[in-house]
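Notes to accompany the following structure.
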Amino acid sequence: MTPGAMTPGPVSPETLKPGPVRPRPVPALLIGGAIVALIALTALLSLVFTPFDPLQANPPVRLQGPGPQHWLGTDNLGRDLLSRILVGARITLLVGVVSVGIAVLIGTPLGIWAGMRRGAVEEITMRASDILLAFPALLLAIMFAAIYGASTVSAMAAIGLASVPGFARVARAGTLQVMNAEYVLAARAAAQRPLRIAVRHVLPNITGMLLIQCSVTFALAVLAEAALSFLGLGTPPPVPSWGRMLQESQQYWGTFPLMALWPGLAIALAVMGFNLLGDGLRDALDPKLGRGKA
Amino acid sequence: MLVRIAGNLARFLLSLLAATVLVFALMRVLPGDPAVIAAGQNASPEIVASLARQFGTDRPLPVQYWDWFSGLWRGDFGVSYVTRADISPLVADKVQVSLILVSAAMVLALAIAIPAGTLAAVRHNKPSGALVSAASQLGIAIPGFLLGIVLVSFFALRLGWLPANGWVAPGVDFAGFLSRLVLPVMALAGVQSAILVRYIRSAVLEVMHEDYLRTARAKGLSRMRALGRHGLRNAAIPVLTVTGVQFSALIIGAVVIERVFVIPGLGSMLLAAVGNRDLLTVQSVVMVLVAITLIVNLLVDVLYTVLDPRIRAAVR
Numbered sequence: 001m002t003p004g005a006m007t008p009g010p011v012s013p014e015t016l017k018p019g020p021v022r023p024r025p026v027p028a029l030l031i032g033g034a035i036v037a038l039i040a041l042t043a044l045l046s047l048v049f050t051p052f053d054p055l056q057a058n059p060p061v062r063l064q065g066p067g068p069q070h071w072l073g074t075d076n077l078g079r080d081l082l083s084r085i086l087v088g089a090r091i092t093l094l095v096g097v098v099s100v101g102i103a104v105l106i107g108t109p110l111g112i113w114a115g116m117r118r119g120a121v122e123e124i125t126m127r128a129s130d131i132l133l134a135f136p137a138l139l140l141a142i143m144f145a146a147i148y149g150a151s152t153v154s155a156m157a158a159i160g161l162a163s164v165p166g167f168a169r170v171a172r173a174g175t176l177q178v179m180n181a182e183y184v185l186a187a188r189a190a191a192q193r194p195l196r197i198a199v200r201h202v203l204p205n206i207t208g209m210l211l212i213q214c215s216v217t218f219a220l221a222v223l224a225e226a227a228l229s230f231l232g233l234g235t236p237p238p239v240p241s242w243g244r245m246l247q248e249s250q251q252y253w254g255t256f257p258l259m260a261l262w263p264g265l266a267i268a269l270a271v272m273g274f275n276l277l278g279d280g281l282r283d284a285l286d287p288k289l290g291r292g293k294a
Numbered sequence: 001m002l003v004r005i006a007g008n009l010a011r012f013l014l015s016l017l018a019a020t021v022l023v024f025a026l027m028r029v030l031p032g033d034p035a036v037i038a039a040g041q042n043a044s045p046e047i048v049a050s051l052a053r054q055f056g057t058d059r060p061l062p063v064q065y066w067d068w069f070s071g072l073w074r075g076d077f078g079v080s081y082v083t084r085a086d087i088s089p090l091v092a093d094k095v096q097v098s099l100i101l102v103s104a105a106m107v108l109a110l111a112i113a114i115p116a117g118t119l120a121a122v123r124h125n126k127p128s129g130a131l132v133s134a135a136s137q138l139g140i141a142i143p144g145f146l147l148g149i150v151l152v153s154f155f156a157l158r159l160g161w162l163p164a165n166g167w168v169a170p171g172v173d174f175a176g177f178l179s180r181l182v183l184p185v186m187a188l189a190g191v192q193s194a195i196l197v198r199y200i201r202s203a204v205l206e207v208m209h210e211d212y213l214r215t216a217r218a219k220g221l222s223r224m225r226a227l228g229r230h231g232l233r234n235a236a237i238p239v240l241t242v243t244g245v246q247f248s249a250l251i252i253g254a255v256v257i258e259r260v261f262v263i264p265g266l267g268s269m270l271l272a273a274v275g276n277r278d279l280l281t282v283q284s285v286v287m288v289l290v291a292i293t294l295i296v297n298l299l300v301d302v303l304y305t306v307l308d309p310r311i312r313a314a315v316r
């Protein structure tokens, strides 16, 4: 605590304004968090229970609407749509977690390093991330699919690598702010090693910004995975993924749109959940940005 | 200002050069010799060697890179290892289709987002503004290809108002061209306008609190006139940057939309080449897509310099 914090300063008109007694609850954070929790629970539930075997074809009941047996109906092979949606949540979460993990683990140290060292290191890192930004996740993933064949692993690697520049930029911007703070100046004056300063002082103070970036990147990863699977370049069959379910529904868009509706809703809900969570975190963690920002 | 534009140009050329190295390294070095891939698994070493000679892949990698790179400047992408077809005329053909699609979508997205975003900002504490913000939040979550599926199912397959897919060149049948353009452009523009609304809203909100706008209001201008004469020009600067970024997102988004609507653009060419493991074609199309992205970034940087009076003044 700074010595002046306890002594009353001059009262400005700002401080006299009647403010809210408690901080307003952040609806975006709550709604986003609830949606994300729901998807995580769905994926966990599917590990122990699904109403039907999601891979088991049952032609006599193909293309049925929702009913007491199959709550969301069945697909063109008679497979239970609810079970496939539940299991599909796993791929969505897996791709999101691994690709965000890759991006955090590579991008954050690079960004902190660039922000602490400045000079040539900063210039090279930022120019490299500019160039990588010209390769969006989907394009990089298509290239990887061409080289290594379509798989969940190559999709995760591509989405993760494409998201590295985002984290490097956020970490660098945060580091630049923190480096001028008094506690960092004190640590530098005490001749602490740069690694120690990075881990003890910089990282904890930019965690909020990184969390927001994680949430936004997660939404992008969900979108990219869905698009890749829709193109047949993501998770190969028979493992159900939401994008692939959309692709399989292509012949039935006119006659049985339910087959596209459920995976479509699931993708949209997941993306919205992570976007809202990111917005809510921004509102909650960064008072400077405030609610005026979209 | 000219110095700054020259700097932009130099950075663009360096980025383009780095991108060619990256694309070459990823597509040509990582997968191994294209001759081995083209010859198939059971080919004898003699066949592989003769294919490698034919493709020129028996030469050192830097020589191969220089060969490809110098070809790029002449607009010559080489001959496909799989189909043995000349790649350049195909790319030239497809790039037109994709650019028509993407440009039309960008224009539509801006035509929706500028009024909607301004409305959301001006009425940010009224229900109509909140409604626009909520709609944009929803729009962002719906991927373009999903919107495409919904549009096809409803307007083409159920109502039969428009063709579900396909492409006709504008010179051949203009009405047919337009009718086939409507749904894919709507699918692409939907998400983009939702994203742009958010940025335009926050840019206009920021401008609304500036001193010069208060001065304009104090002079007796109405809120809309003050905003129109002083605010929107300033709000345009951050929006321009986002539009540039979103244009590159649209180009990649079009790859998926072309699949939904069976449109013979760069995306379809890319996906077909991936399916055939036609790596030189993949390499060429990726390079074109990345080059378009970098060119758009350059244009945005230059426009930014021209538009922003602060930058103009600073560099004078």
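First to last, the protein sequences are chains V and S. Counting from 1, position 239 in the first sequence corresponds to residue 239 in our numbering; the numbering is continuous, with no gaps. Counting from 1, position 40 in the second sequence corresponds to residue 40 in our numbering; the numbering is continuous, with no gaps. We put the CB at the ideal spot given by N, CA and C, even for glycine.
Residue environment, residue i, which counts as buried when at least 16 other CB atoms sit within 10 Å
| i | result |
| --- | --- |
| asparagine 328(S) | For residue 328(S) there is no data in the structure shown, the boundaries of chain S being 1 and 316. |
| glycine 67(V) | exposed |
| tyrosine 174(S) | The residue you asked about is not tyrosine; residue 174(S) is phenylalanine in the sequence shown. The residue in question, phenylalanine 174(S), is exposed, as its Cβ has fewer than 16 Cβ neighbours within 10 Å. |
| aspartate 80(V) | buried |
| proline 20(V) | At proline 20(V) the pLDDT is 45, less than 50, meaning the model places this residue with poor confidence and gives no usable figure here. |
| asparagine 42(S) | exposed |
| lysine 94(S) | buried |
| isoleucine 112(V) | buried |
| valine 153(V) | exposed |
| serine 15(S) | buried |
| methionine 209(V) | buried |
| leucine 17(S) | exposed |
| phenylalanine 49(V) | exposed |
| leucine 30(S) | exposed |
| asparagine 67(S) | A quick correction: the sequence has aspartate, not asparagine, at residue 67(S). So aspartate 67(S) counts as exposed. |
Reduced DSSP secondary structure (H/G/I, E/B, other) of residue i
| i | result |
| --- | --- |
| threonine 74(V) | strand |
| valine 79(S) | strand |
| aspartate 53(V) | coil |
| aspartate 278(S) | coil |
| aspartate 173(S) | coil |
| leucine 14(S) | helix |
| proline 165(V) | helix |
| leucine 233(V) | coil |
| leucine 63(V) | coil |
| aspartate 279(V) | helix |
| glutamine 69(V) | coil |
| leucine 159(S) | coil |
| threonine 57(S) | coil |
| alanine 260(V) | helix |
| tryptophan 167(S) | coil |
| asparagine 180(V) | coil |
| arginine 180(S) | helix |
| methionine 245(V) | helix |
| arginine 84(S) | coil |
| isoleucine 142(S) | coil |
| asparagine 297(S) | helix |
| valine 48(S) | helix |
| glycine 192(V) | Note that residue 192(V) is glutamine in the sequence shown, not glycine. Coil, per DSSP. |
Nearest-angstrom Cβ-Cβ length linking residue i and residue j, presumed shorter than 8 Å
| i | j | result |
| --- | --- | --- |
| alanine 52(S) | valine 82(S) | That pair is no contact at about 15 Å. |
| leucine 211(V) | leucine 138(V) | At roughly 24 Å, the Cβ-Cβ gap does not stay under 8 Å, so leucine 211(V) and leucine 138(V) are not in contact. |
| glycine 190(S) | glycine 244(S) | Their Cβ separation, rounded to whole angstroms, is 20 Å, which puts glycine 190(S) and glycine 244(S) out of contact at 8 Å. |
| proline 54(V) | proline 236(V) | The pair is not a contact, with the Cβ atoms about 15 Å apart (cut-off 8 Å). |
| alanine 109(S) | serine 202(S) | Alanine 109(S) to serine 202(S), Cβ: 17 Å. No contact. |
| threonine 42(V) | leucine 72(V) | Going by Cβ atoms, the distance from threonine 42(V) to leucine 72(V) rounds to 13 Å, so no, they are not a contact pair. |
| alanine 134(V) | leucine 294(S) | 6 Å |
| leucine 146(S) | alanine 268(V) | 7 Å |
| leucine 266(S) | valine 290(S) | Rounded, the Cβ-Cβ distance is 12 Å, inconsistent with contact. |
| valine 116(V) | alanine 198(V) | Note that residue 116(V) is methionine in the sequence shown here, rather than valine. Sure, about 6 Å apart at Cβ, within 8 Å. |
| tryptophan 262(V) | serine 153(S) | Incorrect: roughly 14 Å between the Cβ atoms, too far for contact. |
| valine 98(V) | methionine 156(V) | 4 Å |
| valine 271(V) | alanine 141(S) | 4 Å |
| leucine 110(V) | threonine 125(V) | 6 Å |
| glutamine 64(S) | arginine 28(S) | 7 Å |
| alanine 113(S) | isoleucine 200(S) | 6 Å |
For residue i: DSSP bridge partner residues
| i | result |
| --- | --- |
| aspartate 80(V) | Thr74(V) |
Residue i Cβ short of 7 Å to the ligand NAP heavy atom set
| i | result |
| --- | --- |
| valine 199(V) | Absence of the ligand NAP is noted for the structure shown, with no ligands found whatsoever. |
Below-8 Å beta-carbon distance, residue i vs any chain C residue
| i | result |
| --- | --- |
| proline 237(V) | Of the chains in the structure shown, none is chain C; the protein chains are V and S. |
Identify every run of the beta strand (DSSP E) within the stretch 86 to 156 of chain V, keeping only runs that are complete inside it and at least 3 residues long; order them along the chain. none
Pick out the complete alpha helix (DSSP H) segments inside the stretch 86 to 126 of chain S, 4 residues or longer, and give them in chain order. 87 to 122
Which runs of the beta strand (DSSP E) at least 3 residues long sit entirely within the stretch 195 to 222 of chain S? Give them in chain order. none
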